[in-house]
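A short write-up of the structure that comes next.
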Amino acid sequence: MGSPSKPPDDLIMHDPKTSPEQSQEDNQPKSFREAIASSSQWFREARKIIATSLDWEDKEEVPPEDSLVVKFDKFTLSKLRQPWRMILMGKCMGIQVKASYMETRVKAMWRVKGLLEVIDIGKQVFLFKFTQPDDYERALFGGPWFIMDHYLMLSTWKPNFRPSVNSFDCMLVWIRIEELPVEYYDKDALFEIAKLVGKPIRVDYATDKITRAKFARVCVETDLLNPLITRVWVGGQWQQIVYENITSLFKCGRIGHVTEMCDIVGDHNMDKGYNHGDPNKKDGL
């Protein structure tokens with residue numbers, strides 16, 4: 037099969053082809069985009085993930101006294117949320133984007149096969165409504181994605197989300213656990229380690245099948261308001277955690293805090309010399 041035609045811009049990742057040249061490249065340091073270039077096997081494995089409206093647990097909030105309360109039972113809530121089960125929420129860091137432009141860009145980046153509706157819900161937060169599971173999974177797990185060189189933060193949809201009340205404080209990131217001993221290449225063990233970083237979502241194909249053991253890759257949902265964990269203690273030694281493609285980490289360890297404007301003091305385990313996913317830095321992998 038011939039090489040695919042060049043996509044609309046260089047922000048769109050290409051499907052890798054197995055070749056001798058690729059084998060040689062595997063021994064070289066790779067950027068984040070190269071490292072996560074997805075294969076057909078990766079997507080077949082990803083299709084096992086099913087979005088369901090039954091996963092959400094609603095918190096019991098006590099309404100103010102003398103308030104008019106509307107309450108739905110679980111069955112009704114499940115029915116109301118079912119059409120929104122393949123929804124992602126997104127927001128660009130440091131830039132304002134019109135919904136029409138956002139729709140044009142993401143359709144090109146994600147190369148959607150089905151329908152994709154982009155809904156502006158205010159405060160520069162957008163909903164991405166998919167009709168095809170493959171499109172949903174590619175957008176969710178195939179990043180990083182950029183709009184005019186600005187990082188597009190993506191998160192799974194949250195019920196009862198209001199952009200003026202609920203901050204967009206969680207996003208999905210891929211972490212690498214550097215030089216993790218091979219006995220820990222087990223999904224349950226990896227999730228146990230990743231829980232110290234955020235909410236584990238999935239491991240990548242190469243990690244699951246142990247076709248590469250220089251580092252383990254886990255997708256986690258992380259809280260943007262907390263400093264990022266850069267190492268954990270496993271098996272009697274420190275294991276380095278690398279956040280792929282997050283280049284805006286500064287002295288406080290929080291995402292998006294510009295160095296000159298951040299007044300938070302302390303290194304918060306942001307050890308010197310760590311490569312926090314900057315694709316322009318060599319990491320010796």
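To convert, count from 1 in the sequence shown and add 36; that's this note's numbering.
Ideal placement from N, C-alpha and C gives every residue a C-beta, glycine not left out.
Since the model is a prediction, treat every value here as computed from it, not as a measurement.
Under three-state DSSP, which class holds residue i?
i	result
Gln-273	strand
Glu-257	strand
Tyr-220	helix
Lys-235	strand
Phe-177	helix
Phe-227	helix
Note down, in chain order, each residue of its chain lying with its Cβ closer than 8 angstroms to the Cβ of residue i, except the 5 sequence neighbours on either side.
i	result
Thr-112	none
Which word fits residue i, buried or exposed, when buried means at least 16 other C-beta atoms lie within 10 angstroms of its C-beta?
i	result
Thr-192	buried
Asp-171	buried
Asp-109	exposed
Gly-178	buried
Pro-180	buried
Val-201	exposed
Leu-116	exposed
Ile-211	buried
Met-184	exposed
Pro-236	buried
Asp-240	buried
Val-98	exposed
Excluding the 5 residues flanking residue i on each side, which residues of the same chain have their C-beta closer than 6 angstroms to its C-beta?
i	result
Met-207	Met-189 and Ser-191
Lys-165	Ile-123 and Glu-153
Gln-276	Glu-214 and Arg-267
Gln-168	Lys-149 and Gly-150
Who does residue i pair with in a DSSP beta bridge?
i	result
Ser-191	Met-125
Glu-214	Phe-251
Met-207	Thr-258
By Cβ distance, which residues of its chain are closer than 7 angstroms to residue i, with the 5 residues on each side in sequence left out?
i	result
Glu-61	Residue confidence is low: Glu-61 scores 44 on pLDDT, short of 50, so the model does not pin down where it sits. No coordinate-derived value is stated.
Ser-41	Because Ser-41 sits at a pLDDT of 43, beneath the cut-off of 50, its placement in the model cannot be relied upon, and the point is left open.
Pro-199	Ile-157, Gly-158, Lys-159 and Val-161
Taking 6 angstroms as the cut-off, is the beta-carbon of residue i closer than that to any non-hydrogen atom of the ligand ATP?
i	result
Gln-273	No copy of the ligand ATP occurs in the structure displayed, which carries no ligand at all.
Alpha helix (DSSP H) runs wholly inside the segment 103–161, at least 4 long, in chain order = The qualifying runs are 110–117 and 135–146.
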